[in-house]
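Numbering (the working numbering), first residue to last: 1 to 73.
Notes to accompany the following structure.
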C-alpha cells in the first residue's frame, strides 16, 4: 500500500490474507478478473479493490500448474 500511496492515481487489487506480494493468473478468479480486464480491455479497477482469499488447498489435492513452475519446490 505504500507504493500505491507514492503513485497518485494508481489502483490496487488486494487478495485479503495473501501475504506481502501480488500474484495474478493463479487460483483466485477475482484477482484474475481485474488483471484480465486491464490487459485485454484497458479497464482500470477502482482505487482500492479487495478480493476474498483463494481457497486453501485440500490434503491430497492435485497440484496446480503454478506449483509446477519452479522445479524442486
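Heads up, the beta-carbon is just placed ideally off N, CA and C, and yes, glycines get one too.
Collapsed DSSP secondary structure at residue i in the structure displayed
i: residue 13; result: strand
i: residue 43; result: coil
i: residue 23; result: coil
Pair within 7 Å by beta-carbon distance, residue i and residue j
i: residue 37; j: residue 43; result: yes
i: residue 48; j: residue 12; result: yes
8 Å CB neighbourhood of residue i in its chain, flanking five on each side removed
i: residue 17; result: 53
i: residue 55; result: 27
Length of the line joining the Cα atoms of residue i and residue j
i: residue 58; j: residue 27; result: 13 Å
i: residue 50; j: residue 31; result: 9 Å
i: residue 9; j: residue 1; result: 13 Å
i: residue 60; j: residue 25; result: 22 Å
Beta-carbon contacts of residue i that lie in its chain and below 7 Å, excluding the five residues immediately before and after
i: residue 46; result: 11
Own chain, CB closer than 6 Å to residue i, minus 5 neighbours either side, in chain order
i: residue 14; result: 50
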